[in-house]
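Chemist: In our numbering, the protein residues as written are 338 to 529. For glycine and all other residues, C-beta sits at the position ideal for the given N, C-alpha and C.
(1) For residue 339, list the residues DSSP reports as bridge partners.
(2) Start and end of the beta strand (DSSP E) containing residue 384?
(3) Whose C-beta lies closer than 6 Å to the C-beta of residue 472 among residues of the same chain, with five residues either side of it excluded?
(4) Check whether the region 410-424 touches the region 373-390, counting contact only when three or more Cβ pairs, one atom from each stretch, lie closer than 8 Å.
(5) Pull the bridge partners of residue 488 from the DSSP assignment, please.
(6) Mind checking residue 468: buried by the 16 CB within 10 Å criterion, or exposed?
(7) Does the beta-carbon of residue 346 have 16 or more other beta-carbons within 10 angstroms, so that it is buried, or is it exposed?
(8) Hey, residue 415 and residue 354 are a contact pair by Cβ (cut 8 Å); roughly how many whole angstroms apart?
(9) For the region 390-407 against the region 355-370, do three or more pairs of beta-carbon atoms, one drawn from each stretch, fall closer than 8 Å, so that the two count as touching?
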């Protein structure tokens with residue numbers, strides 16, 4: 338999987354032959370599309386997406402080009418999942434968050450279990466690395482909430498705000514956070 342900002346941007350890189358395979362480092366070429374799927378956005382809005390597939394010319398590996406607004410193997414957008422994590426950082430349980438966001442309780446429980454421990458530390462580290470790269474001075478303006486699940490989105494959001502301010506990125510903050518987390522706002526399921 339390769340996370341992309343926009344399909345049009347990916348087309349430009351593909352046409353120029355500059356997009357690289359993350360596995361073999363060779364150039365990639367178009368290789369059809371992944372299956373179409375419907376993803377839930379904020380409220381009752383849905384998006385139907387059919388991501389492009391690419392193939393490495395050197396190693397033969399295939400990859401899906403995942404737009405930053407989406408998350409790996411999730412039926413909800415980055416914004417929806419991120420908003421749920423932000424709500425959890427403020428203290429309510431999965432039932433009240435599920436009701437507030439109009440999502441099934443089982444989905445909310447599963448998401449909140451996936452955002453714990455080492456993965457939350459990884460999210461914090463990703464945000465810290467990006468923020469240090471674009472605006473070290475912004476660390477003093479962050480209002481940390483005192484728990485790891487609350488602090489990680491704060492740092493990620495600060496990095497997104499600074500990217501938008503300094504570089505003029507038009508992308509919504511949650512889409513930029515999708516770039517920093519490479520489509521893994523939630524940890525992958527445990528195998529076994």
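Modeler: So, from the listed chains and residues:
(1) The residue you call residue 339 lines up with position 2 of the chain shown. Answer is 402, bridged to residue 339.
(2) Residue numbering aside, residue 384 sits at position 47 when the chain shown is read from its first letter. Unbroken beta strand (DSSP E) run through residue 384: 383-386.
(3) Taking the chain shown and counting its residues from 1, the one referred to as residue 472 is at position 135. So the list reads 499, once near-sequence residues are dropped.
(4) Contact holds: three or more Cβ-Cβ distances are below 8 Å.
(5) Residue numbering aside, residue 488 sits at position 151 when the chain shown is read from its first letter. In the DSSP output, where bridge partners are listed per residue, residue 488 has none listed.
(6) On the chain shown, position 131 is the one that residue 468 refers to. Its Cβ being crowded by 16 or more others within 10 Å, residue 468 is buried.
(7) Here residue 346 corresponds to residue number 9 of the chain shown, with the count starting at 1. When all chains shown are included, residue 346 counts as exposed.
(8) Against the chain shown, residue 415 aligns to sequence position 78. Against the chain shown, residue 354 aligns to sequence position 17. With a Cβ gap of about 29 Å, residue 415 and residue 354 do not count as contacting.
(9) yes
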